[in-house]
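Visitor: Before we start, here is the structure in question, set down as structure tokens.
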């Protein structure tokens, strides 16, 4: 009890935390005084050894990790619980969304999905001038960053080109905020090149947005659709993900005698343990927490049957390199054909077992495989299937090395290309790179441009100037600045190697 009280007092007295941040940390401490969902001894040992990780979801899963409401419900019908009438004007629609966001939970304590904003707002824009729309979106964008200051909060636009999407891109480039994160859903059949060109210009300016391969994502879901949330996670619309737990492939590989032992014995064993952990967390949420008795379900914002479980993995690069070492092979992941083929085989093995394993309460009865983006305390292990920081090849080689993984990860996979700032003089090169990557089957195109203050960490955004102020003063207005500062110190995210796009017209690329 003395240790608990000391930790609580430490939070209360922390000069770097705002009152709201103190309340959040105090609530987490209280939650974790409870015993976690019951797991067997093997699962507990794998968690203790760092082979499995529950990503600090807490001991009492009383809310899903990621929630993707259908916000059009509240815009069409209003909300009896919130005493909201259906909005009639653009200002009323934005105000309605601002209120709604405060009642949508997630693992962060804030919403991670604020909707397909252009689809939501377009019906209210018929009599709104371009200038009035710009002013309204700019105020809305500032509100989001100041009142919901969390970089995991995510908006979607597209795939159709429209005036709301263009206005959002204009405002996002001007304000350069960490929140909201932003994804353009791009479909070459309906989007057109102009909206993609604008998005590429924004990436050059502020390293946003992500560009998602809409046809690939849409094919993995159903007619009710999907959303991109948090970092770059693709999940069922009107639902989300109940949990995300992850497997450290490197730690698993270290317990094997070679690739055959890893693929046939060690990996299946730890995957089975991960499924048992998923089942424990799902069971608590669905059978004990009473979350699905909330007004969000009763009013139709979400559907309990549309929540999946995310089966996350990370440390692919180190796992492959370790297995190569065990067999006396010199080739390194990301650069050598045989090493890369081993990585693809591991992804295929993971995908096959995830698709074959039933998961209670999950959408379609299965988990979704996810290339997890890492956390700020991951030391000497690379996120997802990425190439280790500071060793990145040229952008085309980079994409080609990782592209075969993308078909296996329906709930999200992303690399972050760091592009030399000379691209400012030739944004067409970045456009060609993006278009070629998407045409080749990349699920998600993401790039940092060297020299920008706003940069991606694992998928969320930080401003380097904020990190510097945090280091000096010990506090930050935004909740994710501390995570970014820790990641920069411990995981080497700022060691990414800026590369010139020198082979964007390489023969066969994009075909």
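Residue numbers (the numbering used here): 111 to 621.
Glycine residues also receive a C-beta, built at the ideal position from the N, C-alpha and C atoms.
#1: Cβ of residue 594 within 9 angstroms of Cβ of residue 486?
#2: On a CA-only basis, which of 383, 495, 409, 462 is nearest residue 431? Give me that one, please.
#3: Would you check if the distance between the CB atom of residue 268 and the CB atom of residue 301 is smaller than 9 angstroms?
#4: Quick check: residue 305 and residue 260, are their CB atoms within less than 9 angstroms of each other?
#5: Tell me which same chain residues have a C-beta within less than 8 angstroms of the C-beta of residue 228, skipping the five on either side of it?
#6: At 4 residues or longer, and completely inside the stretch 416-456: list those alpha helix (DSSP H) runs for me, N to C.
#7: Which residues does DSSP pair with residue 226 in a beta bridge?
#8: Identify every run of the alpha helix (DSSP H) within the stretch 482-529, keeping only runs that are complete inside it and at least 4 residues long; order them along the chain.
#9: Can the beta-carbon of residue 528 be found closer than 9 angstroms to that of residue 547?
#10: Could you tell me whether the Cβ atoms of residue 225 and residue 265 are closer together than 9 angstroms?
#11: For residue 588, which of helix, strand or coil comes out of DSSP?
#12: Span of the alpha helix (DSSP H) holding residue 137?
#13: Residue 204 and residue 135 - do their beta-carbons sit closer together than 9 angstroms?
#14: When you compare the stretch 447-455 with the stretch 385-395, are there three or more beta-carbon pairs, one atom per stretch, that lie closer than 8 angstroms?
#15: If I measure Cβ to Cβ from residue 218 and keep anything under 6 angstroms in the same chain, skipping five residues before and after, which residues do I get?
#16: In terms of DSSP beta bridges, what is residue 385 paired with?
#17: Check this for me: beta carbons of residue 349 and residue 413, under 9 angstroms apart or not?
#18: Count the other CB atoms, across all protein chains shown, that sit within 10 Å of the CB of residue 589; report buried if there are 16 or more and exposed otherwise.
#19: Between 337, 376, 405, 237, which lies nearest to residue 191 when the distance is taken from Cα to Cα?
#20: I'd like the ranges of any alpha helix (DSSP H) spanning at least 4 consecutive residues and lying wholly in the stretch 169-224.
#21: Give the C-beta separation of residue 524 and residue 342 to the nearest angstrom, bearing in mind that I take them to be a contact with Cβ-Cβ under 8 angstroms.
#22: Indicate whether residue 292 and residue 319 have their beta-carbon atoms separated by less than 9 angstroms.
#23: Compare the beta carbon distance of residue 507 and residue 420 with 9 angstroms and say whether it is the shorter of the two.
#24: Counting only runs that start and end within the stretch 283-312, where is the beta strand (DSSP E) found for 3 or more residues in a row?
#25: Is residue 360 buried or exposed, if buried means 16 or more other CB atoms sit within 10 Å of its CB?
#26: Can you tell me the Cα-Cα spacing of residue 572 and residue 282, whole angstroms?
Guide: This is what the structure gives:
#1: In this structure, residue 594 lies near residue 486, with their beta-carbon atoms less than 9 angstroms apart.
#2: With distances taken between Cα atoms, residue 431 lies closest to 495.
#3: Contact flag set, yes.
#4: Their beta carbons are not under 9 angstroms apart, which means residue 305 does not touch residue 260 by this criterion.
#5: Same-chain partners within the cutoff: 267, 268, 270, 272, 274, 275, 278.
#6: 426-436, all fully within the stretch 416-456.
#7: Residue pairing of residue 226 in beta bridges, as defined by DSSP: 266.
#8: Here the runs fully enclosed are 505-512.
#9: With contacts defined by Cβ atoms closer than 9 angstroms, residue 528 and residue 547 do not form a contacting pair.
#10: Yes, they are a contact pair.
#11: Secondary structure of residue 588 (DSSP, three-state): coil.
#12: Residue 137 -> alpha helix (DSSP H) spans 129-141.
#13: Judged by beta-carbon spacing, residue 204 lies beyond the 9 angstroms limit of residue 135, meaning their Cβ atoms are not closer than that value.
#14: Verdict: no, contact absent.
#15: Taking C-beta separations shorter than 6 angstroms and ignoring five residues to either side along the sequence, the partners of residue 218 in its chain run 260, 262, following chain order.
#16: Here residue 385 is not bridged, per DSSP, to any residue.
#17: Going by C-beta atoms, residue 349 is nearer than 9 angstroms to residue 413.
#18: Buried, because 16 or more other Cβ atoms sit within 10 Å of the Cβ of residue 589.
#19: For residue 191, the nearest C-alpha among the options comes from 405.
#20: Counting only runs that start and end inside the stretch 169-224, the alpha helix (DSSP H) elements of at least 4 residues fall at 182-187, 200-211.
#21: Going by Cβ atoms, the distance from residue 524 to residue 342 rounds to 4 angstroms, so yes, they are a contact pair.
#22: Taking 9 angstroms as the Cβ cut-off, residue 292 and residue 319 qualify as a contacting pair.
#23: Residue 420 sits away from residue 507, with the two beta carbons spaced by 9 angstroms or more.
#24: Complete beta strand (DSSP E) runs here, min 3: 291-296.
#25: A residue is called buried when at least 16 other Cβ atoms come within 10 angstroms of its Cβ; residue 360 meets this threshold and is buried.
#26: Pairing residue 572 with residue 282, the inter-Cα distance amounts to about 14 angstroms.
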